[in-house]
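Worksheet: one structure, shown below.
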Amino acid sequence: YVPTPQERITINTLASSSQVSINTIKATIANLQAVILNLQSRLSNYRAYNGFQCSLLSPIRKLPKEILGHIFSYVSGHCILVENPRSGSIWDLQQVCVHWRDTVRETPLLWN
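In the working numbering, each residue carries its 1-based index in the sequence shown increased by 1406.
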């Protein structure tokens, strides 16, 4: 089958119209992908913010420094220090938050 000259014109018109639709759909997809990336970024930010807010309500924040210090001494006594003397036990505990750092520094039992 070979299209007639009139059919060729019709086919070219339809193909051109289809190409316009294809280009429009591709542009829409690209815009939607940009929107999705933006929403994923916002979602990540909200999750981090939510995690921070929830951590403020953590029950461990209510423990007095003395009890927390005893817990830390138990943990530090059961940790195996590897190659780096500043990795593990009390060094890691000090990096959690200011409250924990102060607790580690104020607990003499940890520095024996």
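Cβ atoms here follow ideal geometry from the backbone N, Cα and C, with glycine treated the same way.
Work out the CA separation of LEU1449 and ILE1435 for me, nearest whole Å. Counted from its first residue, the sequence shown places residue 1435 at position 29. Counted from its first residue, the sequence shown places residue 1449 at position 43. Taking the straight line joining both Cα atoms gives about 20 Å.
Let's test the definition: count the other Cβ atoms within 10 Å of the Cβ of PHE1458 and tell me whether it reaches 16, buried, or not, exposed. Along the sequence shown, one-based indexing puts residue 1458 at 52. Counting the other Cβ atoms within 10 Å of the Cβ of PHE1458 gives fewer than 16, which makes it exposed.
How would you call THR1416, buried or exposed, if buried means at least 16 neighbouring beta carbons within 10 angstroms? Within the sequence shown, the letter at position 10 stands for residue 1416. With fewer than 16 other Cβ atoms from the protein chains shown falling within 10 Å of its own Cβ, THR1416 counts as exposed.
Contact check, ILE1496 vs SER1482, beta carbons under 7 Å: Taking the first residue of the sequence shown as position 1, residue 1496 is located at position 90. Taking the first residue of the sequence shown as position 1, residue 1482 is located at position 76. Taking a C-beta distance under 7 Å as the contact criterion, ILE1496 and SER1482 qualify as a contact pair.
TRP1506: which of ARG1467, VAL1408, PRO1514 and TRP1517 sits nearest, CA to CA? Walking along the sequence shown from the start, residue 1506 turns up at place 100. For the residues ARG1467, VAL1408, PRO1514 and TRP1517, the minimum Cα distance to TRP1506 belongs to ARG1467.
In the DSSP assignment, find the alpha helix (DSSP H) that holds TRP1497 and state where it starts and stops. As a working mapping, residue 1497 is identified with position 91 in the sequence shown. Its alpha helix (DSSP H) spans residues 1495 to 1499.
Identify, in the order they occur along the chain, each residue of the same chain with its Cβ nearer than 7 Å to the Cβ of VAL1510, setting aside the five sequence neighbours on each side. Residue numbering aside, residue 1510 sits at position 104 when the sequence shown is read from its first letter. Only PHE1478, ILE1496, LEU1499, GLN1500 and LEU1516 meet the Cβ criterion.
Grab the span of the alpha helix (DSSP H) containing GLU1413 for me, first residue to last. Residue 1413 sits at position 7 when you count from the first residue of the sequence shown. Annotation: the continuous alpha helix (DSSP H) that includes GLU1413 extends over 1411 to 1462.
Note down, in chain order, each residue of its chain lying with its Cβ closer than 6 Å to the Cβ of SER1423, except the 5 sequence neighbours on either side. Along the sequence shown, one-based indexing puts residue 1423 at 17. Counting only Cβ-Cβ distances below 6 Å, and skipping sequence neighbours, we find nothing.
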